[in-house]
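Going by mature numbering (1 follows the signal peptide of the UniProt record, and there is no 0), the letters in the sequence shown line up with residues -25 to -1, 1 to 310, in that order.
Each residue gets a CB set at the ideal place from its N, CA and C atoms; glycine is no exception.
All values reported here derive from a predicted model rather than from experimental measurement.
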Amino acid sequence: MRLGPRTAALGLLLLCAAAAGAGKAEELHYPLGERRSDYDREALLGVQEDVDEYVKLGHEEQQKRLQAIIKKIDLDSDGFLTESELSSWIQMSFKHYAMQEAKQQFVEYDKNSDDTVTWDEYNIQMYDRVIDFDENTALDDAEEESFRKEFAICKKHSFCFWLLRFNLHLKDKKRFEKANQDSGPGLSLEEFIAFEHPEEVDYMTEFVIQEALEEHDKNGDGFVSLEEFLGDYRWDPTANEDPEWILVEKDRFVNDYDKDNDGRLDPQELLPWVVPNNQGIAQEEALHLIDEMDLNGDKKLSEEEILENPDLFLTSEATDYGRQLHDDYFYHDEL
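Printed below as a string of structure tokens:
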């Protein structure tokens, strides 16, 4: 393992670039605070070949597949799509594509194609090298031992990039070991899905809650207070009001997570925060669609209302930005 200064510099640059990219994506998606639906299609259809494939689907075939999807969303077959039906469908769509992505990753990580992803294979894929030590391990290589000592200094005195990287690696390893139910040499596909998406697997629940407490419960009382929830933020005594992001986070803490209003999050209240199930996102999108497409004000959508403005429906999460029209899992007669 070689972890020299160039690696640190490169990693820090990538971290900064990722943060900047996220901000840029937000600007593109919501220019001047307005939703830009065509960006959704561009972002999820991706490369030009995929966009061309979408365009090649004829209007009649698009409409036929869209009608099939509408019927599947309509769980009670009453001819209308309610907020609840749309939200449930969008959440199912999220889960389907998350599982598909995990299955694709599994194949990429499984270097020797033995239907198992080992810890070494995971490291090779993620870090281009095998990293397998903890802060108490004695290392023979002088450079590696120097890195361990540098990490120890960072941990004692202040934040640094190495501390971030090392902590993420240790968290990955603990989660990897927890997902490995049969204690075999690596993860099966089912175990790999539990590793990548612990929110979808019951036996990972207790682990992710404990992981969150270890990270955020600074006073060890078994709860996460508002101050612990906000992390390292320090209030500016000279400021007249908190920054916007702090106000947003406080609102989430009070209205979304602290269900018993006792000013702290217990283990069960932590769960929606650390492993969100996309319910809020799905409900928001369902309400957005009804608000935009409901022509008669009955708070639900008919097939006619959707076909009156199909582009809006096809640039929404209800059809995963049109991708469901190319995935027979969604429009085929048997789901």
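Contact annotation: LEU50 and GLU35 have beta-carbon atoms that are not nearer than 9 angstroms.
Beta-bridge pairing by DSSP links ARG239 to SER200.
Taking all protein chains in view, the Cβ of VAL199 is crowded by 16 or more other Cβ atoms within 10 Å, so the residue is classified as buried.
In this model, GLU202 and ASP217 are separated by some 13 angstroms (Cα to Cα). DSSP places VAL92 in the strand class (E or B) of the three-state scheme.
For PRO285, the enclosing alpha helix (DSSP H) covers residues 285 to 289.
The C-beta distance from ILE281 to ILE45 rounds to 6 angstroms, short enough to fall under 8 angstroms. Three or more pairs of CB atoms, one per stretch, sit closer than 8 angstroms, so the segment 61 to 71 contacts the segment 260 to 273.
Under DSSP, the beta-bridge partners assigned to SER277 are PHE55. The three-state reading of DSSP puts LEU50 in coil, since its state is none of H, G, I, E or B. As a beta-bridge residue in DSSP terms, LEU162 pairs with VAL92. In this structure, DSSP gives GLY33 a state outside helix and strand, which the three-state scheme calls coil. Burial check for PRO173: the Cβ neighbour count within 10 Å reaches 16 or more, so the residue is buried.
The beta carbon of GLY54 lies closer than 8 angstroms to those of SER277, GLU278 in the same chain, with the five residues before and after it left out. Collapsing the DSSP output to three states places LEU270 in coil. Ranked by how close their Cα comes to the Cα of TYR178, the residues LYS193, GLN156, ASN253 have GLN156 in first place.
CA-to-CA, the gap between TYR296 and ASP303 works out to about 15 angstroms.
With respect to the C-alpha of ASP233, the residue from GLU96, PRO247, GLY255, LEU164 having the closest C-alpha is PRO247. Per DSSP, TYR304 is one residue of the alpha helix (DSSP H) stretching across 303 to 306. Membership of LEU222 in the alpha helix (DSSP H) is indicated by the continuous run 219 to 226. In the DSSP annotation of this structure, the continuous segment of the alpha helix (DSSP H) that includes GLN185 starts and ends at 180 to 191. Annotated three-state conformation of ASN142 is helix, per DSSP. Taking C-beta separations shorter than 8 angstroms and ignoring five residues to either side along the sequence, the partners of ASN252 in its chain run GLN66, GLU174, following chain order. In the three-state scheme derived from DSSP, where H, G and I count as helix and E and B as strand, ALA293 is classed as helix.
Taking a C-beta distance under 9 angstroms as the contact criterion, TYR102 and VAL92 do not qualify as a contact pair. The alpha-carbon of GLU292 is positioned some 25 angstroms away from that of ASN230. DSSP, read as helix, strand or coil, puts GLU174 in helix.
In the three-state scheme derived from DSSP, where H, G and I count as helix and E and B as strand, GLY206 is classed as coil. In this structure, PHE288 places its C-beta atom within 9 angstroms of the C-beta atom of LEU41. Considering only HIS307, GLU283, ARG298, the residue with the shortest C-alpha distance to TYR72 is ARG298. When the alpha-carbon of LYS70 is set against those of LYS193, LEU245, ASN284, VAL176, the nearest one is in VAL176.
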